[in-house]
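Asker: Could you have a look at this structure, given as C-alpha cells, before my questions?
Residue numbers (my numbering), protein chains in the order written: chain Z, 19 to 204; chain C, 19 to 135.
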C-alpha cells in the first residue's frame with residue numbers, strides 16, 4: 019500500500035513537473051508580476067481540464083455549444099491578466115522573458131508593436147505547422163495593465179469569428195501567413 | 019361489631035391453619051405423574067419465519083446490506099455533487115479565459131485601428 023501511495027505521489031510530481039515545464043510563461047516573471055499587481059487573474063486550463071469543462075457545457079445553449087466546439091481540440095489555455103496601481107510596474111526585460119518562450123521560426127509574429135517604456139507593447143504570435151495554426155500568443159501591455167494569452171492547439175481566427183457577439187469577441191481577422199492584422203470594432 | 023370481627027378472624031385463622039396432607043397423598047401424586055404423559059408447551063404458530071424475524075440472520079444481513087447501500091448511495095451522490103461543482107467551476111474558468119482573451123484581442127484591435135489612422 020505504501021509503495022502504491024509513493025508511486026502515485028511520484029507520478030503526480032512528475033506530471034506537475036512536466037506541466038510546469040510546458041507552462042508558457044516563466045514562473046519567476048509570473049510571480050514577480052503577481053507580486054507587483056494590485057489585482058491579477060490567472061487561468062490555467064490543460065487538456066484534461068478543458069475536456070472536463072466541456073462535459074458541463076449545456077448542449078441547449080448556443081454559446082456553450084460554440085465554446086465546446088472551439089475548445090474540444092485545444093491542448094491548453096493560459097490567461098494572465100495583471101492590473102497595477104502605478105505605472106512602470108513591469109519592464110521590457112519582463113516582457114522579453116515572456117516573448118522568449120515563443121521563438122521563431124516556430125512562432126510567427128503577426129502583430130508586433132513596441133513602445134519606448136514597454137508600457138504599450140502589443141504582440142500577436144501564431145504557431146504554424148504546415149501552414150496550419152497550432153497555437154496563439156497575445157501580449158497586450160498598457161501603462162497599468164498587462165494581459166497575456168496563450169492558447170495551445172489548433173486555434174483559428176475563424177473560431178473566434180464564430181464566437182462573435184457572445185463574448186464581445188471582436189471581428190479580428192488574422193492572416194496566418196501575413197503580418198497584417200485587420201480589425202473593425204463591433 | 020367487635021364480636022363479628024372476632025368471628026371472622028377466627029374463621030380465617032381456622033381456614034388457613036396448616037393441615038397435614040391425607041395419608042398417601044404424596045405417593046398418589048407421584049404415581050399419577052408417572053402414568054400421565056407430560057403436557058407439552060403449546061407453541062404459537064409464527065407468522066414470520068425465525069430467520070426473517072428482527073433478530074434472525076437474514077434480517078440482520080438485510081439491515082446491514084441496506085445500511086451499506088445507503089452509505090454507498092450517499093457517497094456516490096456526494097461525489098456526483100462535488101464533480102458537478104468542479105465541472106461548473108471549470109466551465110466558468112473557460113468562459114472567463116475566453117472573456118479575457120476577447121478583451122485582449124479588442125485592445126489589440128483598437129491599438130491597430132488607432133495606428134492605421
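For every residue, glycine included, the Cβ atom is placed at its ideal position computed from N, Cα and C. Values in this document were obtained by computation on a predicted structure and should not be read as measured data.
Nearest chain Z C-beta to residue 126 of chain C closer than 8 Å, yes or no?
Answerer: In the second chain, the residue the question calls residue 126 of chain C occupies position 108. Yes, because at least one Cβ of chain Z sits closer than 8 Å to the Cβ of residue 126 of chain C.
Asker: By how many angstroms is the C-alpha of residue 91 of chain C removed from the C-alpha of residue 104 of chain Z?
Answerer: Along the first chain, one-based indexing puts residue 104 of chain Z at 86. Along the second chain, one-based indexing puts residue 91 of chain C at 73. So the two alpha carbons sit approximately 54 Å from each other.
Asker: What residue range does the beta strand (DSSP E) around residue 60 of chain Z cover?
Answerer: Locating residue 60 of chain Z in the first chain gives position 42, where the first residue counts as 1. From DSSP, the beta strand (DSSP E) with residue 60 of chain Z extends over 57 to 64.
Asker: Shorter than 7 Å, the distance from the beta carbon of residue 86 of chain Z to the closest heavy atom of the ligand GTP, or not?
Answerer: The ligand GTP is absent from the structure shown, which contains no ligands of any kind.
Asker: What does residue 211 of chain Z pair with, by DSSP beta-bridge criteria?
Answerer: With chain Z represented from 19 up to 204, any question about residue 211 of chain Z goes unanswered, as that position is not in the structure.
Asker: Let me know if residue 73 of chain C comes out buried or exposed under the rule of 16 or more other beta-carbons within 10 Å of its beta-carbon.
Answerer: Reading the second chain from its first residue, position 55 is the one you call residue 73 of chain C. That one is exposed.
Asker: Following the continuous beta strand (DSSP E) through residue 4 of chain Z, name the residue where it begins and the one where it ends.
Answerer: An answer regarding residue 4 of chain Z cannot be provided, because it is not within the stretch 19 to 204 covered by chain Z.
Asker: Using a beta-carbon distance below 8 Å, is residue 39 of chain Z in contact with chain C?
Answerer: Here residue 39 of chain Z refers to the residue found at position 21 of the first chain. With a pLDDT of 47 at residue 39 of chain Z, under the threshold of 50, the modelled position of this residue cannot be trusted; read the value that follows with caution. Not an interface residue.
Asker: Would you kindly report the start and end of the unbroken alpha helix (DSSP H) that includes residue 101 of chain Z?
Answerer: Reading the first chain from its first residue, position 83 is the one you call residue 101 of chain Z. Premise fails: residue 101 of chain Z lies in the beta strand (DSSP E), 94 to 101, not in any alpha helix (DSSP H).
Asker: Beta carbon of residue 118 of chain C, beta carbon of residue 167 of chain Z: below 8 Å?
Answerer: Here residue 118 of chain C corresponds to residue number 100 of the second chain, with the count starting at 1. Here residue 167 of chain Z corresponds to residue number 149 of the first chain, with the count starting at 1. Yes, they are a contact pair.
Asker: Between Z:116, Z:64, Z:137, which has its C-alpha nearest residue 47 of chain Z's C-alpha?
Answerer: One-based indexing of the first chain puts residue 47 of chain Z at position 29. Nearest option by C-alpha distance: Z:116.
Asker: Can you list, in chain order, the residues of its chain whose CB lies under 6 Å from that of residue 171 of chain Z, leaving out five sequence neighbours each side?
Answerer: For the purposes of this step, residue 171 of chain Z is identified with residue 153 of the first chain, where counting begins at 1. Cβ within range, chain order: 91, 92, 93.
Asker: Taking DSSP as the reference, what is the three-state secondary structure of residue 169 of chain Z?
Answerer: Here residue 169 of chain Z refers to the residue found at position 151 of the first chain. Strand, per DSSP.
Asker: Let me see if you follow: with CB-CB separation under 8 Å, is residue 115 of chain C close to chain Z or not?
Answerer: Within the second chain, numbered from 1, the residue matching residue 115 of chain C stands at position 97. By this cut-off, residue 115 of chain C is an interface position.
Asker: Can you tell me whether DSSP reads residue 91 of chain C as helix, strand or coil?
Answerer: Walking along the second chain from the start, residue 91 of chain C turns up at place 73. Helix.
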